[in-house]
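Visitor: Have a look at the structure that comes next, please.
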Amino acid sequence: MPTIVGVKLRYAGKVLWFDPAGSDPEPGDHVIVSTERGQEYGEIVTPAREVTDDELQAPLKPVLRVADESDRARFQTMCERERIEMERFRALVKERGLDMKPIGVEHLFDDSKIVFYFAAEERIDFRDLVRDLAAEFHNRIDMRQVGVRDEARMIGGLGHCGQQLCCVRFPGEFQPVSIRMAKEQDLPLNPLKISGLCGRLMCC
Numbered sequence: 097m098p099t100i101v102g103v104k105l106r107y108a109g110k111v112l113w114f115d116p117a118g119s120d121p122e123p124g125d126h127v128i129v130s131t132e133r134g135q136e137y138g139e140i141v142t143p144a145r146e147v148t149d150d151e152l153q154a155p156l157k158p159v160l161r162v163a164d165e166s167d168r169a170r171f172q173t174m175c176e177r178e179r180i181e182m183e184r185f186r187a188l189v190k191e192r193g194l195d196m197k198p199i200g201v202e203h204l205f206d207d208s209k210i211v212f213y214f215a216a217e218e219r220i221d222f223r224d225l226v227r228d229l230a231a232e233f234h235n236r237i238d239m240r241q242v243g244v245r246d247e248a249r250m251i252g253g254l255g256h257c258g259q260q261l262c263c264v265r266f267p268g269e270f271q272p273v274s275i276r277m278a279k280e281q282d283l284p285l286n287p288l289k290i291s292g293l294c295g296r297l298m299c300c
């Protein structure tokens, strides 16, 4: 039977499943995994367990290794670069007069590309911006537009309860939340009381 482990990647909204490939990672360990995008740095969030072939929805990608000291140092360096690149991203968007909100910057661990995340209410022609970013950072550029819930999850924050946002604390796919659910719980239908930071009905 196949063995799987759950891994949380930085900007993925749900837990992804990988083949431990002979390694023995435990929850809390950081790992380097192979994904469709390239090599990525993530954290083990569920212990290894066996599943049936029928439970697998797609072939598993492998855990390449448990992160060692050099991997962790490389990751910290990447995070520092991303902070600088985020500032430049904001500046270029402003210079171009684009109606978009920069949300985040992510390097793949193998440095094969840089992903720039943004929010926008309408479709944006960002071809000139991509050329600017590629010339500035000498790397492949991938632009990803995100919705309001993904924006809240990626930026983070505190909910009305004073706790970390549910979408950050409990990784997983967003499930539809309807006003009917609020009515069934006898909650006040004041939008200010039942809406989260994203402006949508609170997940909880």
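Taking the working numbering, the leading residue of the sequence shown gets 97, the next gets one more, and so forth. Glycine included, every Cβ here is placed at the ideal spot set by N, Cα and C. Quick caveat: nothing in here was measured; it's all calculated off a predicted structure.
1. To the nearest angstrom, report how far apart D221 and A144 are at their CA atoms.
2. Need the endpoints of the alpha helix (DSSP H) that K190 sits in, please.
3. Q153 and F205: beta carbons closer than 8 Å?
4. For D221, does the three-state DSSP call read helix, strand or coil?
5. Residues bridged to P116 by DSSP?
6. Could you check what DSSP says for V226 in three-state terms: helix, strand or coil?
7. By DSSP's criteria, R240 is part of a beta bridge. Which residues make up the other side?
8. Is R276 helix, strand or coil when you go by DSSP?
9. When you compare the CB positions of L160 and S130, do they come within less than 8 Å of one another, or not?
10. Start and end of the beta strand (DSSP E) containing G138?
11. At which residues does the beta strand (DSSP E) containing R161 begin and terminate?
12. Under the three-state reduction of DSSP, which class applies to E151: helix, strand or coil?
Guide: The answer reads as follows:
1. In this model, D221 and A144 are separated by some 44 Å (Cα to Cα).
2. Per DSSP, K190 belongs to the alpha helix (DSSP H) from E165 to R192.
3. At least 8 Å separates the beta-carbon of Q153 from that of F205.
4. For D221, the three-state secondary structure derived from DSSP is coil.
5. When DSSP reads this structure, P116 sits in no beta bridge, so it has no partner.
6. Three-state DSSP puts V226 in a helix.
7. R240 pairs with Y213.
8. Three-state result, R276: helix.
9. Yes, these two residues count as a Cβ contact at 8 Å.
10. Its beta strand (DSSP E) spans residues Q135 to E146.
11. Per DSSP, the continuous beta strand (DSSP E) segment holding R161 begins and ends at K157 to V162.
12. The three-state secondary structure of E151, taken from DSSP, is helix.
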